[in-house]
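Engineer: Let me begin by handing over the structure; questions about it come next.
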Amino acid sequence: MTVAIVDYGMGNLHSVSKAVERLGYKSLVTGKAGKILAADSVILPGVGAFGDAMEHLRESGLDAVVQEAAASGQPLLGICLGMQLLFSSSEEYGTHEGLNLLPGSVVRFAPREGYKVPHMGWNRLDFLQPQSPLFTGLEAGHVYFVHSFHAIMAQQSDLLAVTDYGHPVTAIVGRENVYGMQFHPEKSGELGMKLLGNFLKLKGPRA
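Residue numbers (full-length UniProt numbering): 1 to 207.
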């Protein structure tokens, strides 16, 4: 089984690739459309600003490739900024259109006494939909976050897990074959690796 990790110039590619390989899968870091669309599943990583990331995706034509992968039924996972890119829009340093695979918007954390921005460090997940295949065999625990913006869901049925940072914060999303994790599963110890492993077990059209 081959896992394509989308290389568009902004992402924690090495750590994600190594995590995939530790789980026993072949990872392929690539920006080539044919290789992404031929893979068994696709991971969209991301580090940096939403607008810059979308600009890189559009300039390379990889925005359409990721959308095609999602439409084809390939399991698709966005990680951190990659999860935010799945949404309709973001207000990070202006208004930017996203991949529009999940309805909703990405907004900055509002100032709250006692809560610093960025939200950085280990925080507990609360599974809202324990029947999700991502949570098979798992119990709630702590994972590692680093972000200053968070997703506001338009469809609550797409919200699989939250964390608390003065208010419920979107942590895991999913609709059909499209998933996202706001935290870094590859940096989140045993629970993070098990969540990533459960995603990689999902079957797409080529299974």
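Built from N, CA and C at the ideal position, the CB exists for glycine as well.
So, does the segment 168-185 touch the segment 59-68, judging by three or more C-beta pairs under 8 Å?
Structural biologist: Result no; under three Cβ-Cβ pairs closer than 8 Å.
Engineer: Beta-carbon separation of Val16 and Ser41 under 8 Å?
Structural biologist: On the sequence shown, position 16 is the one that residue 16 refers to. On the sequence shown, position 41 is the one that residue 41 refers to. Not a contact, by the Cβ cut-off of 8 Å.
Engineer: Given a cut-off of 8 Å, decide if Gly192 and Val162 are closer than it, judged by their beta-carbon atoms.
Structural biologist: As a position in the sequence shown, residue 162 is number 162, starting the count at 1. As a position in the sequence shown, residue 192 is number 192, starting the count at 1. Contact: no.
Engineer: Cα separation between Gly11 and Met1?
Structural biologist: Locating residue 11 in the sequence shown gives position 11, counting from the first residue. Locating residue 1 in the sequence shown gives position 1, counting from the first residue. Their backbone Cα atoms lie some 22 Å apart in a straight line.
Engineer: Considering only their Cβ atoms, is the gap separating Gly98 from Phe109 smaller than 8 Å?
Structural biologist: As a working mapping, residue 109 is identified with position 109 in the sequence shown. As a working mapping, residue 98 is identified with position 98 in the sequence shown. No; because the gap between Cβ atoms is not below 8 Å, this pair is not in contact.
Engineer: Classify Asp164: buried if its beta carbon has 16 or more other beta carbons within 10 angstroms, exposed otherwise.
Structural biologist: In the sequence shown, the residue the question calls residue 164 occupies position 164. Per the 10 Å Cβ criterion, exposed.
Engineer: Excluding the 5 residues preceding and the 5 following Ser60 in the sequence, name in chain order all residues of the same chain whose CB lies nearer than 7 Å to its CB.
Structural biologist: Here residue 60 is taken as the residue at index 60 of the sequence shown, counted from 1. Closer than 7 Å at the Cβ level, and outside the excluded window around Ser60, lie Tyr8 and Gly31.
Engineer: Can you tell me the Cβ-Cβ gap for Pro103 and Gln155, rounded? I've got them flagged as a contact below 8 Å.
Structural biologist: The residue labelled residue 103 in the question sits at position 103 within the sequence shown. The residue labelled residue 155 in the question sits at position 155 within the sequence shown. Confirmed, about 6 Å.
Engineer: If I follow the unbroken beta strand (DSSP E) through Asn123, where does it start and stop?
Structural biologist: One-based indexing of the sequence shown puts residue 123 at position 123. First-last of the beta strand (DSSP E) with Asn123: His119 to Arg124.
Engineer: Run through the DSSP bridge pairs and tell me what Thr163 is partnered with.
Structural biologist: Your numbering for residue 163 matches position 163 in the sequence shown. For Thr163, which the question treats as bridged, DSSP gives the partners Val169.
Engineer: Quick check: the Cα distance between Leu57 and Arg175, rounded to an integer number of angstroms?
Structural biologist: In the sequence shown, counting from the first residue as 1, residue 57 sits at position 57. In the sequence shown, counting from the first residue as 1, residue 175 sits at position 175. Going from the Cα of Leu57 to the Cα of Arg175 covers about 22 Å.
Engineer: Is the CB-CB distance between Leu13 and Val29 below 8 Å?
Structural biologist: Walking along the sequence shown from the start, residue 13 turns up at place 13. Walking along the sequence shown from the start, residue 29 turns up at place 29. The answer is yes: Cβ separation under 8 Å.
Engineer: Assign residue 208 to one of two classes, buried (16 or more other C-beta atoms within 10 Å of its C-beta) or exposed (fewer than that).
Structural biologist: Because the chain in this structure spans residues 1 to 207, residue 208 falls outside the shown range and cannot be described.
Engineer: Restricting to Cα atoms, I'd like to know which of Gly180, His167 and Leu160 is closest to Gly114.
Structural biologist: Here residue 114 refers to the residue found at position 114 when the sequence shown is read from its first residue. The shortest C-alpha separation from Gly114 is found at His167.
Engineer: For Lys116, does the three-state DSSP call read helix, strand or coil?
Structural biologist: Here the question's residue 116 lines up with position 116 in the sequence shown. It is coil, neither helix nor strand.
Engineer: By alpha-carbon positions, which one of Phe135, Ile5 and His150 ends up nearest to Ala33?
Structural biologist: Taking the sequence shown and counting its residues from 1, one reaches residue 33 at position 33. Closest by alpha carbon: Ile5.
Engineer: Does the Cβ of Lys187 have 16 or more other Cβ atoms within 10 Å, making it buried, or fewer, making it exposed?
Structural biologist: Here residue 187 refers to the residue found at position 187 when the sequence shown is read from its first residue. Counting Cβ neighbours within 10 Å, Lys187 comes out buried, since at least 16 surround it.
Engineer: Leaving out the 5 sequence neighbours to the left and right, which residues in its chain are closer than 6 Å to residue 208 when beta-carbon positions are compared?
Structural biologist: Beyond the ends of the chain as shown, which are 1 and 207, falls residue 208; an answer cannot be given.
Engineer: Note down the Cα distance separating Ser27 from Val106, rounded to an integer number of angstroms.
Structural biologist: Here residue 27 is taken as the residue at index 27 of the sequence shown, counted from 1. Here residue 106 is taken as the residue at index 106 of the sequence shown, counted from 1. Cα to Cα, the separation comes out at about 29 Å.
Engineer: Below 8 Å between beta carbons: does that hold for Ser148 and Val117?
Structural biologist: Sequence index remark: in the sequence shown, residue 148 carries index 148 (1-based). Sequence index remark: in the sequence shown, residue 117 carries index 117 (1-based). It is a contact, given that the beta carbons lie within the stated cut-off.
Engineer: Report buried or exposed for Ala53, applying the criterion of at least 16 other Cβ atoms within 10 angstroms of its Cβ.
Structural biologist: Position 53 of the sequence shown holds residue 53. With 16 or more Cβ atoms within 10 Å of its Cβ, Ala53 is classed as buried.
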